[in-house]
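J.: Next up is a structure, given as structure tokens.
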């Protein structure tokens, strides 16, 4: 049954609708060479309001319960609709087509947005076939930690993505900006093969929107990727690149293993970092009973702090970019950590000291940098 593209009349919970429109609007352009793509399709039918949109790269379709007085579908500017609904305080709102406008009505007010030509909108296609399912809580937690290592520089699209790969009964996520790399994996229930490079912003958006979900279904084919849960479907075009193999960092021989309280080490790095000078480099010296964190700058002075740790292996000193080391430690919180350290300019891998079998696992790779005295 086709919907009337000129009529719509629904009443909905204001807070629920405002949140859904805001979620959808974040994935759509505010302006551009195709004005129709700034619009949000609202389809009312069978006591359900469906919100959908696309910018030709990302797609979004959200379903919310509503009282549908008149079935129909309209296309309206997404951001003005989000701004208007977000400012309302009344518990219910009515959306009704009045001529060439969509009226947003409350007991004390009326706001009207222009209708856009819905017949010219490209529409929002279905997601690819499902390839597996994963715990929403575990995926959201891991995405927040792994995606932070992805680059935000669109000039190098390869590094703006997260490599998502099914490896037996584990789902692996890897991201890098060339200077650090986050590697995580968690249990999943595979229904097919999965090896894709997904734009990090889409996964970050899922982490924002899926907090009430229990299970997330993963969809993929040769060109598109999507995630769905009850009431929501988000999709995107894949990045067409070959991602760096993380095994050269995780499987390489280790020269020293350090176990340390992550929160204590992060605090020392945070306090020493202001003395790291223009290059923002701090030194981490492996000692017999701990780590010495130090930095020096002719103008700012010098600082050092000793942190108790268990050190097994060689004794040497590495330089690190203070911000990257601090970022890596931050994602682990207060847990006890294991640092696998290698000589020269080879990577250091930070991981939890203890991971229960079957739990989500995270490793963070930080590349050393030459100290000013080297």
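Numbering (the working numbering), first residue to last: 1317 to 1690. By construction, the Cβ of each residue, glycine as well, lies at the ideal position given by its N, Cα and C atoms.
1) Just the C-alpha distance for residue 1317 and residue 1410, rounded to the nearest angstrom, thanks.
2) With 16 other CB atoms within 10 Å as the buried threshold, where does residue 1501 fall?
3) In the structure shown, what three-state DSSP assignment does residue 1379 receive?
4) Between which two residues does the beta strand (DSSP E) holding residue 1598 run?
5) If we count the other Cβ atoms within 10 Å of its Cβ and call it buried at 16 or more, is residue 1658 buried or exposed?
6) Taking Cβ positions, are residue 1323 and residue 1386 nearer each other than 8 Å?
7) Taking the Cβ atom as the reference point for each residue, do residue 1391 and residue 1339 lie within a distance shorter than 8 Å?
8) Report the rounded CA-to-CA distance for residue 1532 versus residue 1519, giving the unit in angstroms.
9) Per DSSP, residue 1389 is paired with what?
10) Please return the same chain residues whose Cβ sits closer than 6 Å to the Cβ of residue 1473, not counting the five positions on each side in sequence.
11) Leaving out five residues on either side along the sequence, give the residues of the same chain with a beta carbon under 7 Å from the beta carbon of residue 1592.
12) In angstroms with no decimal places, state the Cα-to-Cα distance between residue 1402 and residue 1396.
13) Using only the alpha-carbon positions, how far apart do residue 1326 and residue 1418 sit?
14) When the Cα of residue 1672 is compared with those of 1503, 1427, 1580, which residue comes out closest?
15) According to DSSP, what are the bridge partners of residue 1624?
16) By the 10 Å Cβ neighbour count, where 16 or more other Cβ atoms means buried, how is residue 1445 classified, buried or exposed?
17) Going by C-alpha distance, which of 1478, 1440, 1394, 1617 is nearest residue 1511?
18) Going by beta-carbon coordinates alone, are residue 1354 and residue 1344 separated by less than 8 Å?
19) Going by C-alpha distance, which of 1337, 1566, 1536 is nearest residue 1496?
20) Assuming contact is defined by CB atoms lying nearer than 8 Å, are residue 1507 and residue 1450 in contact in what I supplied?
21) Would you call residue 1661 buried or exposed, if buried means 16 or more other Cβ atoms sit within 10 Å of its Cβ?
22) Give the DSSP-derived three-state secondary structure of residue 1699 in the structure shown.
23) From the DSSP output, in three-state form, read off residue 1346 for me.
T.: Result, derived from the coordinates:
1) To locate residue 1317, count along the chain shown from 1; it is residue 1. To locate residue 1410, count along the chain shown from 1; it is residue 94. For residue 1317, the pLDDT reaches just 44, beneath the cut-off of 50, and the residue's location in the model is therefore unreliable, leaving the point undetermined.
2) The residue given as residue 1501 occupies position 185 in the chain shown. Label assigned to residue 1501: buried.
3) Locating residue 1379 in the chain shown gives position 63, where the first residue counts as 1. Residue state, collapsed to three classes: strand.
4) Position 282 of the chain shown, counted from the first residue, corresponds to residue 1598. Looking at the DSSP string, the run of the beta strand (DSSP E) that includes residue 1598 is 1597 to 1602.
5) In the chain shown, counting from the first residue as 1, residue 1658 sits at position 342. With 16 or more other Cβ atoms from the protein chains shown falling within 10 Å of its own Cβ, residue 1658 counts as buried.
6) Stepping through the chain shown from its first residue, residue 1323 is reached at position 7. Stepping through the chain shown from its first residue, residue 1386 is reached at position 70. Their beta carbons are under 8 Å apart, which means residue 1323 touches residue 1386 by this criterion.
7) Translated into positions along the chain shown, residue 1391 becomes position 75. Translated into positions along the chain shown, residue 1339 becomes position 23. Not in contact: residue 1391 and residue 1339 (Cβ atoms no closer than 8 Å).
8) Numbered from its first residue, the chain shown carries residue 1532 at position 216. Numbered from its first residue, the chain shown carries residue 1519 at position 203. Approximately 12 Å between the Cα atoms of the pair.
9) Residue mapping note: residue 1389 aligns to position 73 of the chain shown, counting from 1. Answer by DSSP bridge pairing, in chain order: 1359.
10) In the chain shown, counting from the first residue as 1, residue 1473 sits at position 157. Excluding positions up to five away in sequence, the list reads 1555.
11) As a first step, residue 1592 is located in the chain shown; it is residue number 276 there, counting from the start. Cβ within range, chain order: 1598, 1611, 1613, 1638.
12) Along the chain shown, one-based indexing puts residue 1402 at 86. Along the chain shown, one-based indexing puts residue 1396 at 80. Approximately 10 Å between the Cα atoms of the pair.
13) The residue labelled residue 1326 in the question sits at position 10 within the chain shown. The residue labelled residue 1418 in the question sits at position 102 within the chain shown. Those two C-alpha atoms are separated by around 11 Å.
14) Locating residue 1672 in the chain shown gives position 356, where the first residue counts as 1. The candidate whose alpha carbon is nearest that of residue 1672 is 1503.
15) Counting from one through the chain shown, the residue named residue 1624 turns up at place 308. Paired residues: 1606.
16) Within the chain shown, numbered from 1, the residue matching residue 1445 stands at position 129. By the 10 Å Cβ count, residue 1445 comes out exposed.
17) Here residue 1511 corresponds to residue number 195 of the chain shown, with the count starting at 1. If we check each option's Cα against that of residue 1511, 1478 comes out closest.
18) Taking the chain shown and counting its residues from 1, one reaches residue 1354 at position 38. Taking the chain shown and counting its residues from 1, one reaches residue 1344 at position 28. Taking 8 Å as the Cβ cut-off, residue 1354 and residue 1344 qualify as a contacting pair.
19) Here the question's residue 1496 lines up with position 180 in the chain shown. Comparing C-alpha distances from residue 1496 to each of 1337, 1566, 1536 shows the shortest one belongs to 1566.
20) If you number the chain shown from 1, residue 1507 lands on position 191. If you number the chain shown from 1, residue 1450 lands on position 134. It is not a contact, given that the beta carbons lie outside the stated cut-off.
21) Here residue 1661 corresponds to residue number 345 of the chain shown, with the count starting at 1. Answer is exposed; the Cβ neighbour count stays below 16.
22) Given that the chain is displayed from residue 1317 to residue 1690, the structure contains no residue 1699 and the question cannot be resolved.
23) As a working note, residue 1346 is residue 30 in the chain shown. Coil, per DSSP.
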